[in-house]
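The structure appears right after this line, and notes come after that.
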Amino acid sequence: MKNNNLFAALRAAFPSDLDAVAIETGDGLNYSWRDLDRSTAMIANLLVSLKLPAGSRVAVQVEKSVEAVMLYLATLRAGYVFLPLNTAYQSAEIEYFIGNAEPAVVVCSKKNFGWVSKIAFKAGTHNVFTLDDDRTGSLLERAAHCSDKHEMAFVKSADDMAAILYTSGTTGRSKGAMLSHGNLLSNALVLKDYWGWKPGDVLIHALPIFHVHGLFVALHGALINGSKMIWLSKFDPRLIVKKLPEATVFMGVPTLYVRLLAEPGLDKQACRNMRLFVAGSAPLLIETFNEWKDRTGHTILERYGMSETAMLTSNPYQGGERRGGTVGFALPGVSLRVQGDDGQTMPTGEIGGIQVKGPNVFKGYWRMPEKTKEEFTEDGYFKTGDVGKIDERGYITIVGRSKDLIISGGYNVYPAEIEGYINDMPGVAESALVGVPHPDFGEVGVAVVTSKPGAAVDPGQIVASLKSKLANFKIPKQCFVVDELPRNTMGKVQKNLLREQHKNLFA
Ligand code: MLC
Ligand code: AMP
142 MKNNNLFAAL RAAFPSDLDA VAIETGDGLN YSWRDLDRST AMIANLLVSL KLPAGSRVAV
202 QVEKSVEAVM LYLATLRAGY VFLPLNTAYQ SAEIEYFIGN AEPAVVVCSK KNFGWVSKIA
262 FKAGTHNVFT LDDDRTGSLL ERAAHCSDKH EMAFVKSADD MAAILYTSGT TGRSKGAMLS
322 HGNLLSNALV LKDYWGWKPG DVLIHALPIF HVHGLFVALH GALINGSKMI WLSKFDPRLI
382 VKKLPEATVF MGVPTLYVRL LAEPGLDKQA CRNMRLFVAG SAPLLIETFN EWKDRTGHTI
442 LERYGMSETA MLTSNPYQGG ERRGGTVGFA LPGVSLRVQG DDGQTMPTGE IGGIQVKGPN
502 VFKGYWRMPE KTKEEFTEDG YFKTGDVGKI DERGYITIVG RSKDLIISGG YNVYPAEIEG
562 YINDMPGVAE SALVGVPHPD FGEVGVAVVT SKPGAAVDPG QIVASLKSKL ANFKIPKQCF
622 VVDELPRNTM GKVQKNLLRE QHKNLFA
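Printed below as a string of structure tokens:
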């Protein structure tokens, strides 16, 4: 019987020369494919020694490092479920995720062990390890005593869960999108082919590894092709420009491209060996697309995806034009349609809700069957919450979102969450968070707040108070206190008017 473990496919793609370099870090350390094999075996053996029940979640909030990748691969290898968490999350956020996911293992950085372990123990987690980006921590200390031979866990069904990614989705609190081994493998294989991965490719990996883009699209892309990665723990545009001549593939959110364009060293010569620049996670401005072409001679390939589905569409790698402002075509195996409010399929060029189906589409939200049901149509399409259109040549353009979501520098900010915190502050009557254009982050949140009669509310204090509770990228970049919020006849706050009013704040 076939083992559906995603790790089996990734391991099978390792090159025959296991001593070749698999990962080179920004500070010059080299890891061979053999190192990856042995270290993932040791960590997998440590996990197995804990005698965790099947389907156990391994929640991880650590700085980016090669060892963090090994932990991810080891979790797959041992047959458990990986749950990555943004390093910017603070205690209230972590408390929610750990409480909701009930992981059997939590791995955090040493500096956070005190508060994270308290939260974990309260939620019934008995195993809390530490891992720092300097290759220290109790996880590796314990794994060092384990064998470097490990028999991969047998994954019976491709539908078995491999990872949970928390996402704000369309409404409500963060929900855990359950991604299966089959979801992730099918997407990796489709992209390997569609983007023309080939022997000798070298990927510059500069994205965080707690979201789809860095963890799945970039990492799986290189691994399933047996390609070397230049592994940068932080996004450092100058270092990337320096490393470009050694690489062939780069992936980034639009903010990364904007910041790279500000580097004087970015030119055709630096990009002479590159064959592919991929952008996604947020809309890429046509100005950035054009400027990149002028400076480097390369046409950025824009693609579209989400946590619940991994990659859905892509501009062509070859055999067609990469059109700026569009996200290309539905990937092979993905069925994508644009639907109107009455459930009718929209004619060419007309705008509607984007719905998708395919082997890459997740099975549902963790322990939320009702919510899952709401997000799927009766004929099995997932409602993405994105609004778009398809032109006469089949190119898909995303024109907006029906979900109330701000995407800032590639990170999702869910206004209802921030508004909830602001509304609970003393003296505040109500609030609205809207996204406005920003030259660096693409879009940022701006808070508009009203006070209770007679109360004096200080915008600076609101921001300071949010900073103590929430991940930094969620903090509004500006806060205004006003007499009232604009409303329509139904009494609903007109966020479009607020967006319009503040659209030039950062111009
Ligand atoms: C950092 N800051 C942000 C921010 N990132 N503000 C708004 N939006 C962001 N994304 C703020 C911090 O709050 C802080 O403010 C200041 O910038 C410096 O913080 P930093 O951590 O030093 O920032 P920096 O390292 O420069 O990070 C910027 C970045 C990072 C663009 C490199 O945000 C990033 O890596 N983004 C990529 C996100 C990503 O991978 N998304 C993929 C999602 S997957 P202060 O005031 O505290 O100083 C997905 C599906 C798909 O969407 O299709 O791919
Ligand atoms: P996440 O929930 O973090 O997975 O974010 C997914 C969302 O990012 C999608 O639903 C889109 O709204 C947005 N997104 C991803 N790629 C693109 C893109 N190329 N252009 C516009 N929006 C994008």
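In this text, residue positions in the sequence shown follow the working numbering: the first is 142, and each later residue adds one.
Where a beta carbon is used, it is the ideal one built from N, C-alpha and C, also for glycine.
The shortest C-alpha to C-alpha distance from T277 to any of A209, L217, A215, D520 is the one to A209. Our two residues, F376 and I492, have alpha carbons roughly 36 Å apart in a direct line. Look at M447 here: in three-state DSSP terms it is strand. Spatial neighbours of F517 in its own chain (CB-CB distance under 6 Å, excluding positions within 5 residues in sequence) are listed in chain order as F523. W174: member of the alpha helix (DSSP H) spanning 174–190, first to last residue. Taking 3 residues as the minimum length, the beta strand (DSSP E) runs contained wholly in the region 523–603 are 523–531, 537–542, 547–549, 552–554, 569–579, 583–592, in order along the chain. The beta carbon of S476 lies closer than 8 Å to those of V497, K498, G499, Y522 in the same chain, with the five residues before and after it left out. Separation of the CB atoms of V528 and G576 is rounded to 15 Å, and the pair is thereby denied contact status at 8 Å. Relative to the ligand MLC, A229 has its C-beta within less than 8 Å of a heavy atom.
Taking 9 Å as the cut-off, the beta carbon of F470 is found closer than this to the beta carbon of T454. Counting of Cβ neighbours within 10 angstroms places T486 among the exposed residues, the total staying below 16.
A direct Cα-Cα distance of roughly 42 Å separates R179 from K514. The ligand AMP never approaches D377 closely enough for any of its heavy atoms to be under 8 Å from the residue's Cβ. In the same chain as R283, and ignoring 5 residues on each side of it, the C-beta atoms closer than 6 Å to its own belong to L187, in chain order.
Secondary structure at Y213: helix, using DSSP grouped into helix, strand and coil. In the three-state scheme derived from DSSP, where H, G and I count as helix and E and B as strand, R463 is classed as coil. CA-CA distance, M293 to R463, rounds to 40 Å. Exposure of N637 is indicated by the presence of fewer than 16 other C-beta atoms within 10 angstroms of its C-beta.
When only Cα atoms are considered, K259 and F223 end up about 21 Å apart. Look at the region 411–442 and you find these whole runs of alpha helix (DSSP H), each 4 residues long or longer: 427–437.
Taken from the Cβ of I548, at least one heavy atom of the ligand MLC lies inside 8 Å.
Here H352 is buried, its C-beta having at least 16 other C-beta atoms within 10 Å. Of all C-beta pairs linking the region 386–404 to the region 335–343, three or more are shorter than 8 Å, placing the two stretches in contact. At a cut-off of 8 Å, the beta-carbon of S422 counts as near the ligand AMP: some heavy atom of the ligand is closer than that. Counted as a single uninterrupted DSSP element, the alpha helix (DSSP H) harbouring N328 occupies residues 322–335.
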